[in-house]
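Asker: Would you mind keeping the following structure in view while I ask a few things?
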Amino acid sequence: MVPSSDIRNEVYQHLRKIFQALSIHSKQLNKRFGLTGPQLMLLKAIASQAHPTIGNLAQSVSLSQATVTSILDRLENRGLVQRTRSEVDKRRVLVTLTDSANAILAENPTIFQEDFSRRFDKLPEWQQQMILSSLELTSSLMETDKIPVDPAIAESF
Numbered sequence: 009m010v011p012s013s014d015i016r017n018e019v020y021q022h023l024r025k026i027f028q029a030l031s032i033h034s035k036q037l038n039k040r041f042g043l044t045g046p047q048l049m050l051l052k053a054i055a056s057q058a059h060p061t062i063g064n065l066a067q068s069v070s071l072s073q074a075t076v077t078s079i080l081d082r083l084e085n086r087g088l089v090q091r092t093r094s095e096v097d098k099r100r101v102l103v104t105l106t107d108s109a110n111a112i113l114a115e116n117p118t119i120f121q122e123d124f125s126r127r128f129d130k131l132p133e134w135q136q137q138m139i140l141s142s143l144e145l146t147s148s149l150m151e152t153d154k155i156p157v158d159p160a161i162a163e164s165f
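Following my numbering, the numbering of the sequence shown begins with 9 at its first residue and continues without gaps.
Below, the structure written as structure tokens:
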């Protein structure tokens, strides 16, 4: 029987590899396009929706409206998006891509999650469920529910 400490060390190694893979992909994306994963995810969400609002975008990328607004501020400062008030309902803010953003998207950069999703979707359902259960348990053991969501960290992945 393998001692518990050996198994625990293997778990730590795999967690470090996962964090490293996320970090490497994030750095490559930033180096090549000057974007974080969530920024690219948001640009793709804007491109896929007709006249999206901040609320629509927040829902589609699973981030809070405050985080989406913060990301949009950075994208707008870089000249990648424009925000305008709706002519029909002045309370609504519509988001559109600029030509610069469309040029980046034309190069088809991938988000880490897209590559992972393609491979994950090919797994049998029982393996997908096993991964989900393991990650839920790992998350619980790490007490992630007690960690407040930091928008700066959310933006890096």
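We put the beta carbon where it would ideally sit given N, CA and C, even for glycine.
No experiment lies behind these values; they were computed from the predicted model shown.
#1: According to the neighbour-count rule (16 or more other Cβ atoms, all chains shown, within 10 Å of its Cβ), is GLN47 buried or exposed?
#2: Spell out the partners DSSP gives ARG24 in its beta bridges.
#3: Just reading off the alpha helix (DSSP H) that THR104 is part of, what are its end residues?
#4: Going by DSSP, what residue range makes up the beta strand (DSSP E) through VAL96?
#5: Using only alpha-carbon positions, find the residue among ARG99, ASN85, TYR20 and ALA114 that is nearest to LYS52.
#6: Cβ of VAL89 within 8 Å of Cβ of VAL103?
#7: For ARG40, which option in PRO132, PRO60 and ILE119 has the closest C-alpha, if you only look at C-alpha atoms?
#8: In this structure, does DSSP put THR146 in helix, strand or coil?
#9: Classify THR44 as helix, strand or coil using the three-state DSSP reduction.
#10: Helix, strand or coil for GLN121? Go by DSSP, reduced to three states.
#11: Tell me, please, which residues DSSP counts as bridged to VAL89.
#12: Out of LEU23, GLN67 and ASN38, point me to the one whose CA is closest to SER142's CA.
#13: Hey, how far is the Cα of ALA160 from the Cα of GLY45?
Answerer: Let me spell this out:
#1: buried
#2: Answer is none; ARG24 lacks a bridge partner.
#3: It is not in any alpha helix (DSSP H) - THR104 instead sits in the beta strand (DSSP E) that spans 101-105.
#4: VAL96 -> no beta strand (DSSP E), and no H or E assigned at all.
#5: ALA114
#6: yes
#7: ILE119
#8: helix
#9: coil
#10: helix
#11: LEU105
#12: LEU23
#13: Its pLDDT being 49, under 50, ALA160 is placed unreliably in this model, and the value from its coordinates should be taken loosely. Going from the Cα of ALA160 to the Cα of GLY45 covers about 12 Å.
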